[in-house]
Amino acid sequence: MDLLVGQLFTGLSTGSILLLAALGLSLTFGQMGVINMAHGEFIMAGCYTAYVVQQVVGDAGASLLIALPIGFLVGGVMGLVLEALLIRRLYHRPLDTLLVTFGVGLILQQVARDVFGAPAVNVSVPEALRGGVDLLGVTVPKTRLFIMALAIVAVTAVTLVLRFTPAGRRIRAVVGNRDLAETAGISSRTVDAGTFFIGSGLAGVAGVALTLIGSTSPTTGQSYLVDAFLVVVAGGLGRIKGAVVAAVALGALQAVFETYSTASLAKVGVFIVIVVFLQLRPQGLFTLRTRSLA
Amino acid sequence: MFKFFGTRAGTWTGFAAAALVLFGLAPLVMTGFRLGLLAQFLCYAIVAVGIGLAWGRGGMLTLGQGVFFGMGAYLMAMHLKMADAEFRNGPGAVPDFMELAGIRELPAYWTPFSSAGFTIAAILILPTAFAVLLGLAVFKRRVKGAYFAILSQALAGAFAILLIGQQSLGGFNGLSRFRYFFGYNLDDPVNQQMLYFIVAGVLLVVVAVSLQLRRSRYGELLVAVRDAEERVRFLGYDAANVKVVAYAVAALFASIAGAVFVPIVGIISPASIGIVPSIMFILGVAIGGRASLVGPVVGALAVAWAQTALSEQFPSAWTYAQGLLFILVIALLPGGIASIASVAKRFQTKRTPVEAAA
Chain F
1 MDLLVGQLFT GLSTGSILLL AALGLSLTFG QMGVINMAHG EFIMAGCYTA
51 YVVQQVVGDA GASLLIALPI GFLVGGVMGL VLEALLIRRL YHRPLDTLLV
101 TFGVGLILQQ VARDVFGAPA VNVSVPEALR GGVDLLGVTV PKTRLFIMAL
151 AIVAVTAVTL VLRFTPAGRR IRAVVGNRDL AETAGISSRT VDAGTFFIGS
201 GLAGVAGVAL TLIGSTSPTT GQSYLVDAFL VVVAGGLGRI KGAVVAAVAL
251 GALQAVFETY STASLAKVGV FIVIVVFLQL RPQGLFTLRT RSLA
Chain G
295 MFKFFGTRAG TWTGFAAAAL VLFGLAPLVM TGFRLGLLAQ FLCYAIVAVG
345 IGLAWGRGGM LTLGQGVFFG MGAYLMAMHL KMADAEFRNG PGAVPDFMEL
395 AGIRELPAYW TPFSSAGFTI AAILILPTAF AVLLGLAVFK RRVKGAYFAI
445 LSQALAGAFA ILLIGQQSLG GFNGLSRFRY FFGYNLDDPV NQQMLYFIVA
495 GVLLVVVAVS LQLRRSRYGE LLVAVRDAEE RVRFLGYDAA NVKVVAYAVA
545 ALFASIAGAV FVPIVGIISP ASIGIVPSIM FILGVAIGGR ASLVGPVVGA
595 LAVAWAQTAL SEQFPSAWTY AQGLLFILVI ALLPGGIASI ASVAKRFQTK
645 RTPVEAAA
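Heads up: the protein sequence lines correspond to chains F and G, in order.
Using our numbering, you'd call the opening residue of the first sequence number 1 and step up by one each time.
Using our numbering, you'd call the opening residue of the second sequence number 295 and step up by one each time.
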């Protein structure tokens with residue numbers, strides 16, 4: 001029983017980390033069909049934001065609260081700039097966008113290396129989040145609970161924005177059918193920029209949160225990126241619901257694999273499961289119903 | 295001038311010139327050290343020819359060629375390690391790195407690799423078969439575009455992590471320190487030159503195969519699938535099969551390149567086959583011109599040369615340069631260097647000719 005609860009928790013925890021990293025990606029991928037390889041570097045920027053804020057503020061608890069919105073802004077602005085300078089100019093060339101943004105990611109990594117140095121830096125965890133809580137007989141680190149809560153808040157916020165605000169309606173319209181949305185008077189360019197701002201901002205928030213459970217180095221973002229992409233692929237294009245289910249499922253799967261084998265075999269196992277899964281549902285878990293052939 | 299190279303005589307002239315440079319000129323003017331470097335670069339060029347076929351002609355952005363490169367390399371390295379151990383301690387001996395890791399018994403999956411024939415067959419068959427299986431699984435279900443790119447990248451990541459975990463394959467350090475290559479001492483400069491000639495020969499063969507594929511009906515079909523997969527399907531072809539062939543050929547090329555890479559460079563480790571090295575293979579192809587035949591070769595050589603020349607002295611500047619190259623070449627010159635002539639022409643005539651989407 002303890003083992004099961006422990007595993008369940010590890011799965012949920014890994015899943016919520018994946019979800020935080022993948023949520024923004026799912027938004028931008030679904031909206032514009034482009035893959036932003038620099039998304040990982042936006043996460044990394046969020047991590048360093050938390051680091052810098054802590055250097056300035058000092059108190060760990062206050063700096064975490066301040067860093068979350070600032071991380072969102074940092075990620076969001078970087079996303080806006082990237083969208084305006086490059087991605088906007090590469091419409092209908094999704095694979096080229098992938099490679100171009102990889103180049104951007106390389107440059108951002110090197111910037112981080114030149115500014116903060118190659119060795120990893122650490123952000124100290126606030127007093128209130130140290131230690132663990134007993135839940136159903138297992139000790140659960142508070143930092144992990146915080147990240148789970150943050151993931152829930154982020155998903156709820158994004159869902160509410162998409163469903164109930166005018167901006168969210170426009171985003172959904174453009175995702176559904178770009179041309180029709182244009183005809184209805186929606187500027188898809190503005191919507192794209194907005195989506196990119198939100199999606200990249202979420203990466204920044206994810207970065208701030210990730211400093212609680214690991215150290216930060218210039219390659220931090222990269223290590224989360226591939227898993228985050230797999231979540232988006234398995235979940236289905238641009239479906240928040242899909243991203244949530246896929247993230248939790250992949251997290252649980254990885255936890256189970258790791259219990260019965262090694263961490264390295266777990267990665268391979270997850271990959272195989274995804275390829276098999278795509279045999280059953282090539283478009284991912286939840287699909288937007290369209291009449292297009294692609 | 296470009297028309298000439300499209301003719302049969304032009305093709306032969308091109309190959310003769312390339313052979314003359316590779317086999318005649320390069321060994322004359324280059325020192326042994328430089329020739330070794332060139333041999334290493336030629337390995338990357340072989341991978342690039344395969345990527346040019348799969349990505350440039352077939353539209354499949356494969357971000358995981360490191361997997362196949364690594365397969366070929368590790369298979370060859372296993373044989374070399376076995377041969378060295380047997381040379382020192384007789385049949386059934388354990389390779390030196392295993393002794394250091396405390397592995398006394400030879401793992402069962404190592405045993406067949408004492409046979410040279412088995413190793414070569416494995417290098418040719420295993421990665422190709424794997425690519426066919428994966429290709430069928432992915433393309434038959436019409437998983438394509440960005441989805442395929444991400445899957446291939448995840449594959450590279452998973453493969454590297456898998457190898458790091460295998461102590462009986464050298465783990466993080468990989469396999470290194472080879473003494474003999476099918477009986478030839480690798481320290482001998484003459485044998486090193488022989489390896490260079492082998493790689494150069496392989497490259498010419500690979501380019502010839504790629505050329506033949508491009509000029510055949512299959513090549514036409516591949517480009518058709520790239521540009522309008524649905525139409526090809528409606529015409530009664532199975533687009534998935536067309537893609538699988540190109541993907542498998544690219545995998546085979548990468549595997550062969552990996553196999554010759556090992557005796558030349560003397561080490562193979564997970565660090566040189568993971569996600570980042572796999573994407574770096576793409577950079578050369580993009581710069582040279584993904585859809586052209588010779589472009590990927592030239593691009594791969596140029597990138598490898600620039601990396602060697604710059605990365606030691608200015609590591610930071612080289613990373614910036616790589617990033618900028620990705621951005622500038624792909625955003626502004628998607629056809630690569632090979633398309634400069636046609637781009638220049640377009641500027642002269644002030645007319646936009648109808649071009650197939652690259």
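We put the CB at the ideal spot given by N, CA and C, even for glycine.
Chain G contact for residue i (CB, 7 Å cutoff)
i, result
"Ile43/F", "no"
"Phe229/F", "yes"
"Asp192/F", "no"
"Pro94/F", "yes"
"Thr262/F", "yes"
"Pro282/F", "yes"
"Ile147/F", "no"
"Ile152/F", "no"
"Ile107/F", "yes"
"Gln279/F", "yes"
"Val57/F", "no"
"Gly40/F", "no"
"Val142/F", "Checking the sequence shown, residue 142/F turns out to be Lys, not Val. No, its Cβ sits nowhere closer than 7 Å to a Cβ of chain G."
"Gly103/F", "yes"
"Val158/F", "no"
"Val275/F", "yes"
"Lys241/F", "no"
Span separating the alpha-carbon of residue i from that of residue j
i, j, result
"Ala596/G", "Val503/G", "22 Å"
"Ile419/G", "Ala249/F", "35 Å"
"Phe277/F", "Ala545/G", "24 Å"
"Val205/F", "Leu68/F", "6 Å"
"Val341/G", "Ala551/G", "6 Å"
"Leu135/F", "Glu182/F", "51 Å"
"Val648/G", "Ala440/G", "With a pLDDT of 47 at Val648/G, under the threshold of 50, the modelled position of that residue is not reliable, and no figure is offered here."
"Gln54/F", "Val233/F", "35 Å"
"Gly75/F", "Ala209/F", "13 Å"
"Val123/F", "Gly326/G", "50 Å"
"Val191/F", "Ser563/G", "45 Å"
"Gly194/F", "Val81/F", "11 Å"
"Ala313/G", "Ala518/G", "32 Å"
Neighbour flag for residue i against chain F, beta carbons, 7 Å
i, result
"Thr356/G", "no"
"Val437/G", "yes"
"Leu516/G", "no"
"Glu649/G", "Because the pLDDT at Glu649/G is just 48, under 50, the model does not fix this residue reliably, and the value given afterwards should be weighed accordingly. No, because no Cβ of chain F sits closer than 7 Å to the Cβ of Glu649/G."
"Gly308/G", "no"
"Gly350/G", "no"
"Gln616/G", "yes"
"Ser633/G", "no"
"Gly451/G", "yes"
"Leu456/G", "yes"
"Phe620/G", "yes"
"Gly465/G", "no"
"Gly459/G", "yes"
Identity of the residues DSSP links to residue i by a beta bridge
i, result
"Thr139/F", "Asp134/F"
"Asn479/G", "Tyr474/G"
"Val121/F", "Thr216/F"
"Ile562/G", "Leu469/G"
Span of the alpha helix (DSSP H), counted from its first residue to its last, around residue i
i, result
"Lys662/G", "Beyond the ends of chain G as shown, which are 295 and 652, falls residue 662/G; an answer cannot be given."
"Ser633/G", "No alpha helix (DSSP H) holds Ser633/G; DSSP gives it neither H nor E."
"His39/F", "39-57"
"Gly605/G", "In the sequence as displayed, the identity of residue 605/G is Ser instead of Gly. From DSSP, the alpha helix (DSSP H) with Ser605/G extends over 589-605."
"Gln461/G", "Where Gln461/G is concerned, there is no enclosing alpha helix (DSSP H), given that its DSSP letter is neither H nor E."
"Thr211/F", "From DSSP, Thr211/F is part of no alpha helix (DSSP H); its letter is neither H nor E."
"Leu515/G", "511-521"
"Pro609/G", "609-626"
"Met574/G", "569-582"
"Thr165/F", "Run containing Thr165/F: none; DSSP gives neither H nor E here."
"Arg328/G", "326-345"
"Gln283/F", "Neither: Gln283/F is in no alpha helix (DSSP H) and is coded neither H nor E."
"Arg113/F", "94-116"
"Ala62/F", "60-85"
"Pro126/F", "Per DSSP, Pro126/F belongs to no alpha helix (DSSP H) and is neither H nor E."
Any non-hydrogen atom of the ligand ZN closer than 6 Å to residue i Cβ
i, result
"Asp378/G", "The ligand ZN is absent from the structure shown, which contains no ligands of any kind."
CB contact check: residue i to chain A, cutoff 7 Å
i, result
"Gln110/F", "Considering every chain present, this structure includes no chain A. Its protein chains are F and G."
**Q.** Complete beta strand (DSSP E) runs within the stretch 348-414 of chain G (minimum length 3 residues, chain order)
**A.** Whole beta strand (DSSP E) segments, 3+ residues: zero.
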